[in-house]
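Have a look at the structure below before the remarks.
Protein chains: 2
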Amino acid sequence: MNDMTVTIVGVGLISGSFALGLRDKGFAKHIIGVSRTEASGKRALELGIVNEVLPLIDAIKKSDFIYVAIPVDATIPVLQTVLDNITDKQFVADAGSTKFAMCKAVETHPMRHRFVATHPMWGTEYSGPDAAVKDAFRGRACVICEKDKSDKDIVDIIENIYKTLGMNMIYMDAAAHDMHAAYISHISHITSFALANTVLEKEKEENTIFELAGGGFESTVRLAKSSPAMWAPIFMQNRDNVLDVLNEHITQLRKFKACLEKENIEYLEELMVNANKIKRILK
Amino acid sequence: MNDMTVTIVGVGLISGSFALGLRDKGFAKHIIGVSRTEASGKRALELGIVNEVLPLIDAIKKSDFIYVAIPVDATIPVLQTVLDNITDKQFVADAGSTKFAMCKAVETHPMRHRFVATHPMWGTEYSGPDAAVKDAFRGRACVICEKDKSDKDIVDIIENIYKTLGMNMIYMDAAAHDMHAAYISHISHITSFALANTVLEKEKEENTIFELAGGGFESTVRLAKSSPAMWAPIFMQNRDNVLDVLNEHITQLRKFKACLEKENIEYLEELMVNANKIKRILK
C-alpha cells in the first residue's frame with residue numbers, strides 16, 4: 174500500500190491537501206493530477222502536489238487509487254467514467270460535500286464495490302492548488318457513507334489513510350449525511366454569503382467597512398469568500414435539506430425582528446440564552 | 174500622565190483588557206475596579222487586573238480617569254453619576270457599542286466636556302475578568318464620537334492611550350457610528366445567535382453537531398456564545414438601525430431561498446459572486 178500510484182481528480186483545496194498528506198505519510202510513490210484547466214495542473218506541478226498531469230483516462234490506467242475532489246455536479250459523470258474504466262484491482266473514493274445524489278447515481282454500477290463515498294469535513298474559503306495545506310485534516314471528522322457497499326479491503330485502506338492524516342471516522346447513510354451537512358455546513362455558508370450581500374447592499378461606504386470590521390464580522394462573513402463554482406452545486410444537490418434549514422433560519426431571524434419591533438427585551442434575552450447552549454457543543 | 178489613578182467600571186472583557194494594556198504601557202500607577210458582583214471584583218484582584226475594588230463614588234473620588242465598560246443600558250446612569258461627581262481635573266470615557274442614546278443622555282450635562290465617547294472595536298464571545306487579554310486592541314479600529322464636545326486635553330490623553338495600545342483612530346458622529354456598527358457588528362451577532370438557534374432546533378442529535386462541526390460552522394456560530402446581558406441592550410438601543418439591516422438580511426436570505434425553490438442555479442451563482450466582493454474589503 175505504500176507504493177501506490179494515486180490520481181487526484183481536481184488539483185484544488187481538498188485534493189491538493191489530500192495529496193500533500195499522502196506524500197507526507199508515505200502512502201503514494203507517484204501522484205498524478207487531472208485538472209480541468211491547464212493553469213491549475215501546471216501550478217500543482219510547480220507546488221510539488223503532483224508528479225505529472227494527465228488526461229483522466231490515461232491517469233486511471235496508471236493508478237491504483239483515484240481520488241475525486243471536484244464540484245459535486247461534476248463528480249457524478251467523472252465517477253461514472255472512473256468506474257467504467259477500472260478493474261477489480263483498482264479503487265476510487267470521492268470527497269464531495271453531498272452524498273445522496275452521487276451514491277444514487279452509481280448504485281447499480283457493476284463496479285460500485287470498488288468505490289468508497291467519503292467526506293472529509295474540512296475546508297477553507299480559498300480554492301485552487303495554492304489553497305492546499307499539508308496536515309489540513311488533522312482533528313476533523315471524516316464521514317464514510319454506505320460503507321457496506323464498498324469492498325472491505327479498500328475501506329480498510331481509505332480508513333487507514335484518513336486516520337493517519339488525523340481524522341475521526343464517522344459512518345452514516347447518504348441521506349443522513351446530507352441532512353446533517355445542511356445543518357452544520359451548508360447553512361453557515363448561505364448565511365455568510367447573504368450577510369456579505371446585506372452589508373455590501375447597505376454599507377455603501379466600503380472604506381468604512383474596511384476600517385471598522387473587527388474579528389466578529391470577519392469570522393461571520395469569511396465563508397462568503399468561498400467559491401460559487403463549488404458551493405452552488407452543493408446547495409442544488411442538497412436542495413430539500415438546505416431549504417428546510419433555511420426556512421427555520423428565517424423563522425429564527427424573524428423572532429429577533431419581532432422582539433426588536435415590540436421592544437420585548439425579555440424574549441430577546443431568552444432567545445440569546447437559548448443560543449448560548451451552543452457552548453455545550455462547541456469547544 | 175504616567176502616574177494616573179484609573180478606575181475601570183466593569184471588570185470584564187473590555188475594561189479588563191484596557192486595564193491590562195494601561196498597566197503594561199505604564200499609563201497607570203494604580204487601578205481601581207468597580208464591579209456589580211463581589212465575585213468578579215475578587216477575580217479581577219486575583220488576576221492582577223486591578224489593585225483594589227471600591228464602590229463607584231469612592232472610586233471616582235480617588236481617580237484621575239474613569240473608564241466605563243459595562244452593558245450599554247447601565248452605562249447611561251453610571252455615566253451621569255460620574256459626571257455629577259467629577260471636577261474639571263478629572264475625566265471619563267466609555268467603551269460602549271452604541272453611542273447615540275448615551276451621547277444624547279449627557280448632551281446638556283455641565284460636565285459633558287470632561288467626557289470622551291469611545292468605542293474600541295474589539296471583542297470576543299467571552300465575558301468576565303478571565304476573558305481580559307493584554308494587547309487585545311492592537312490593529313483594531315477605535316471610534317471617537319462627538320470629539321468636539323470633549324476638552325482637547327483629555328481627547329489627547331485618550332487618543333494617546335488607544336494609539337499606544339495599537340489602535341487606529343476613526344472619528345464619527347454618534348448617529349453614523351450606530352448605523353455603521355449595526356452593519357458591521359450587530360447584525361453578525363444576530364445572525365450568529367439565530368444560526369445557533371436554527372441548528373439547536375433542527376439538529377436534535379447534539380452529538381452529531383459535536384462530531385461533525387468543522388471550522389466553517391464554528392466561525393459562523395461562535396458569536397452565539399456572547400453574553401445576552403451585554404448584547405440585548407445594544408440591540409435595543411440601536412433598534413432602528415438593527416431592524417433596518419435585519420430586514421435587508423432576511424431579504425437577502427429570501428433570494429437564496431427563491432433560487433433553491435426555482436432551481437435557478439445561474440442566479441444562485443450570481444448572488445455568491447456578488448458576495449465574493451467582500452474579499453476586496455476583508456484582508
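In the order they appear, the protein sequences are chains A and B. Okay, so the first sequence: first residue is 174 according to our numbering, each after it adds one. Okay, so the second sequence: first residue is 174 according to our numbering, each after it adds one. Ideal Cβ positions, reconstructed from N, Cα and C, are used throughout, including at glycine. Remember, it's a predicted structure, so these values are computed and weren't measured experimentally.
- Here DSSP, grouped into helix, strand and coil, assigns Ile259(B) to coil.
- Annotation: the region 317-387 of chain A contains the following complete segments of the alpha helix (DSSP H) (minimum length 4 residues), in chain order: 325-337, 347-354, 360-375 and 379-385.
- Ala290(A) has a beta carbon lying at 8 Å or more from every beta carbon in chain B.
- Shown here for Lys202(B): same chain residues with a beta carbon closer than 8 Å to its own, the five before and five after excluded, namely Asn175, Asp176, Met177 and Thr178 in chain order.
- Between the alpha carbons of Glu319(A) and Met294(A) lies a distance of about 17 Å.
- Per DSSP, Ala266(B) is one residue of the beta strand (DSSP E) stretching across Phe264 to Asp267.
- Short of 6 Å from the beta carbon of His282(B), and not among the five residues preceding or following it, lie these beta carbons of its own chain, in chain order: Leu256.
- Annotation for Gln263(B): Ile233, Ser236, Asp237, Phe238, Ile239 and Arg287 place their beta carbon closer than 8 Å to its own, counting only its chain and skipping 5 residues before and after.
- Annotation: Phe238(A) is outside any alpha helix (DSSP H); the continuous beta strand (DSSP E) that includes it extends over Phe238 to Val241.
- The Cβ atoms of Thr393(A) and Leu396(B) lie closer than 8 Å to each other.
- Scanning its chain for C-beta atoms nearer than 8 Å, with the 5 sequence neighbours on each side dropped, one finds around Ile360(B) the residues Val415, Val418, Leu419 and His422, in chain order.
- Excluding five sequence positions before and after Leu441(B), the CB atoms of its chain that fall closer than 8 Å to its own CB belong to Phe429, Cys432 and Leu433, given in chain order.
- Under the Cβ criterion of 8 Å, Met342(B) is not counted among the residues facing chain A.
- About 16 Å separates the beta carbon of Val289(B) from that of Ile243(B), a gap too long to meet the 8 Å contact definition.
- Ranked by Cα distance from Val279(B), the first of Ala268(B), Val251(B), Tyr299(B) and Ser300(B) is Val251(B).
- At a cut-off of 8 Å between beta carbons, Tyr356(B) contacts chain A.
- Per DSSP, reduced to three states, the secondary structure at Glu225(A) is strand.
- Ranked by Cα distance from Leu218(A), the first of Ala247(A), Val245(A) and Val184(A) is Val184(A).
- Sequence-distant partners of Ala314(A) (beyond 5 residues in either direction) whose C-beta falls short of 6 Å from its own C-beta, in its chain, are Met294, Asn341 and Ile343.
- Contact annotation for Leu441(B) against chain A: Ala405 and Phe408 [CB-CB distance below 7 Å, chain order].
- Measuring C-alpha to C-alpha distances from Pro401(B) to each of Phe408(A), Lys198(A) and Glu443(A) identifies Glu443(A) as the nearest.
- Taken through DSSP and simplified to helix, strand or coil, Ala314(A) comes out as strand.
- Lys272(A) is positioned such that its CB atom lies closer than 8 Å to that of Asp351(A).
- The continuous beta strand (DSSP E) containing Pro293(B) extends over residues Phe288 to Pro293.
- Ranking Ile407(B), Ile357(B), Glu439(B) and Ala247(B) by CA distance to the CA of Trp404(A) puts Glu439(B) first.
- For a Cβ distance threshold of 9 Å, residue set Pro401 of chain B lies close to Val446(A), ordered along the chain.
- As the crow flies, the alpha-carbon of Asn380(A) is around 27 Å from that of Lys277(B).
- Residues are counted here when their Cβ sits less than 9 Å from a Cβ of chain B; for the region 382-399 of chain A these are Ile382, Phe383, Glu384, Leu385, Ala386, Gly387, Gly388, Gly389, Phe390, Glu391, Ser392, Thr393, Val394, Arg395, Leu396, Ala397, Lys398 and Ser399, given in chain order.
- Under the 10 Å beta carbon count, Ile230(A) is surrounded by fewer than 16 other beta carbons and is classified as exposed.
- Using a Cβ-Cβ cut-off of 8 Å, Ile454(B) counts as an interface residue toward chain A, since at least one Cβ of chain A sits closer than that to its own.
- Secondary structure of Met275(B) (DSSP, three-state): helix.
- Interface annotation, Ile451(B): in contact with chain A, CB-CB separation under 8 Å.
- Within the region 362-377 of chain B, those residues whose Cβ lies closer than 8 Å to any Cβ of chain A are, in chain order, His362, Ile363, Thr364, Ser365, Phe366, Ala367, Leu368, Ala369, Asn370, Thr371, Val372, Leu373, Glu374, Lys375 and Glu376.
- Ranked by Cα distance from Ala274(B), the options Asn411(B), Phe200(B) and Gly312(B) are led by Asn411(B).
- With fewer than 16 neighbouring CB atoms inside 10 Å of its own CB, Glu378(A) falls in the exposed class.
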